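In my numbering, the protein residues as written are 11 to 238. Note that beta-carbon positions come from the ideal geometry of N, C-alpha and C, so glycine has one too. Being a predicted model, the structure only gives us computed values, none of them experimental. Notes follow once the structure below has been shown.
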């Protein structure tokens, strides 16, 4: 009798384990990055943003222009691609459904003027047409062409923004948006709030002069009442 009970319990556990494993099958997204003539673009950087997280997934295309993202959960994603000599692609929304393989090819255009279309200053990735706020973006190409050293220098030409620096490089710097106090300016890095634990207001003013633009993909300035 005991043996039968143990066998029944084992079979029940096995059935539940099999059910959980089947429900958690990871999704996969594949595709190719091509040039205007349809040729493969090797070494392209492909970025996948989730709607519920600010941490993106990144992949690099192989010699055939193919990319692959594995172990994804079902949901809605934003996809964009870029490569040296080409403009950044338009953001594409992709919905991954359980049990359905997903493939999305992206065509790149030659380098030229382009608008930033992914905004993560709100805490979650959004396309620009979903943001009903005043947003200014400064990408890495613009920073390099202007030969900027620090974040405060790169932000000097942003409308509605005032940068005050008490001396040369490394001196105390504060940023004021639309006449507000410098402690009213929030600093987010990859969507996470950056603060000085020793500051009375808990802001990041004491670290602004030390923020350099090395390895920065883009800077986003979100201003106006909706930025709160």
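When you compare each of 216, 37, 71, 52 to residue 85 by their alpha carbons, which one comes out closest? Residue numbering aside, residue 85 sits at position 75 when the chain shown is read from its first letter. Of the candidates 216, 37, 71, 52, the one whose C-alpha sits nearest the C-alpha of residue 85 is 37.
For residue 31 and residue 80, I'd like the C-alpha separation in whole angstroms. What you label residue 31 is simply residue 21 of the chain shown in a count that begins at 1. What you label residue 80 is simply residue 70 of the chain shown in a count that begins at 1. Residue placement at residue 31 cannot be trusted, given a pLDDT of 42 that sits under 50; what the coordinates show is reported in the next sentence. Cα to Cα, residue 31 sits roughly 16 angstroms from residue 80.
Any idea what DSSP makes of residue 231, helix, strand or coil? Locating residue 231 in the chain shown gives position 221, where the first residue counts as 1. DSSP places residue 231 in strand when its eight states are reduced to three.
Do residue 68 and residue 135 come within 8 angstroms of each other at the CB atom, strictly closer than that value? As a working mapping, residue 135 is identified with position 125 in the chain shown. As a working mapping, residue 68 is identified with position 58 in the chain shown. No, they are not a contact pair.
Cβ-Cβ distance between residue 59 and residue 66 below 8 angstroms: Here residue 59 refers to the residue found at position 49 when the chain shown is read from its first residue. Here residue 66 refers to the residue found at position 56 when the chain shown is read from its first residue. The answer is yes: Cβ separation under 8 angstroms.
Neighbourhood of residue 56 by C-beta distance below 6 angstroms, restricted to the same chain and skipping five residues each side: Residue numbering aside, residue 56 sits at position 46 when the chain shown is read from its first letter. Within the same chain, residue 56 has close Cβ partners 69, 77, 91.
To the nearest angstrom, report how far apart residue 89 and residue 83 are at their CA atoms. On the chain shown, residue 89 is found 79 positions in, with the first residue counted as 1. On the chain shown, residue 83 is found 73 positions in, with the first residue counted as 1. Roughly 15 angstroms between the two C-alpha positions.
Determine the DSSP secondary structure at residue 100, reduced to helix, strand or coil. Here residue 100 corresponds to residue number 90 of the chain shown, with the count starting at 1. It is coil, neither helix nor strand.
Using CA atoms only, rank isn't needed, just tell me which of 94, 113, 109 is closest to residue 103. As a working note, residue 103 is residue 93 in the chain shown. That would be 113, whose Cα lies nearest to the Cα of residue 103.
With a floor of 3 residues, list each beta strand (DSSP E) that falls wholly inside the region 155–211, ordered by position along the chain. 171–175, 183–187, 197–199, 202–204
DSSP on residue 224, reduced to helix/strand/coil? Here residue 224 corresponds to residue number 214 of the chain shown, with the count starting at 1. If DSSP states are grouped into helix, strand and coil, residue 224 belongs with coil.
Taking 8 angstroms as the cut-off, decide whether the C-beta atoms of residue 50 and residue 42 are in contact. Here residue 50 corresponds to residue number 40 of the chain shown, with the count starting at 1. Here residue 42 corresponds to residue number 32 of the chain shown, with the count starting at 1. Going by C-beta atoms, residue 50 is nearer than 8 angstroms to residue 42.
Verify whether the separation of the beta carbon atoms of residue 185 and residue 218 is less than 8 angstroms. Taking the first residue of the chain shown as 1, we reach residue 185 at position 175. Taking the first residue of the chain shown as 1, we reach residue 218 at position 208. Yes, these two residues count as a Cβ contact at 8 angstroms.
At the level of alpha carbons, what is the spacing between residue 73 and residue 171? The residue you call residue 73 lines up with position 63 of the chain shown. The residue you call residue 171 lines up with position 161 of the chain shown. Straight-line Cα distance between these residues: approximately 44 angstroms.
With a 10 Å radius around its C-beta and 16 neighbouring C-beta atoms as the bar for buried, classify residue 2 as buried or exposed. Because the chain here runs from 11 to 238, residue 2 falls outside it and cannot be looked at.
Residue range of the beta strand (DSSP E) that includes residue 114: For this step, residue 114 is matched to residue 104 along the chain shown. From DSSP, residue 114 is part of no beta strand (DSSP E); its letter is neither H nor E.
Are the CB atoms of residue 160 and residue 198 nearer to each other than 8 angstroms? Numbered from its first residue, the chain shown carries residue 160 at position 150. Numbered from its first residue, the chain shown carries residue 198 at position 188. Their beta carbons are not under 8 angstroms apart, which means residue 160 does not touch residue 198 by this criterion.
Quick one: what's residue 93 bridged to in DSSP? Locating residue 93 in the chain shown gives position 83, where the first residue counts as 1. Answer is none; residue 93 lacks a bridge partner.
Have a look at residue 144 and residue 189 and give me their C-alpha separation to the nearest angstrom. In the chain shown, residue 144 corresponds to position 134, counting from 1. In the chain shown, residue 189 corresponds to position 179, counting from 1. Approximately 15 angstroms, taken between the alpha carbons.
Please report the distance separating the alpha-carbon of residue 150 from that of residue 210. Residue numbering aside, residue 150 sits at position 140 when the chain shown is read from its first letter. Residue numbering aside, residue 210 sits at position 200 when the chain shown is read from its first letter. Cα-Cα distance, rounded: 33 angstroms.
From which residue to which residue does the beta strand (DSSP E) around residue 69 run? Here residue 69 refers to the residue found at position 59 when the chain shown is read from its first residue. Segment 67–70, the beta strand (DSSP E) holding residue 69.
By Cβ distance, which residues of its chain are closer than 7 angstroms to residue 33, with the 5 residues on each side in sequence left out? Here residue 33 refers to the residue found at position 23 when the chain shown is read from its first residue. At residue 33 the pLDDT is 49, less than 50, meaning the model places this residue with poor confidence and gives no usable figure here.
What do you reckon, are the CB atoms on residue 214 and residue 227 nearer than 8 angstroms? Indexing the chain shown from 1 puts residue 214 at position 204. Indexing the chain shown from 1 puts residue 227 at position 217. Contact flag unset, no.
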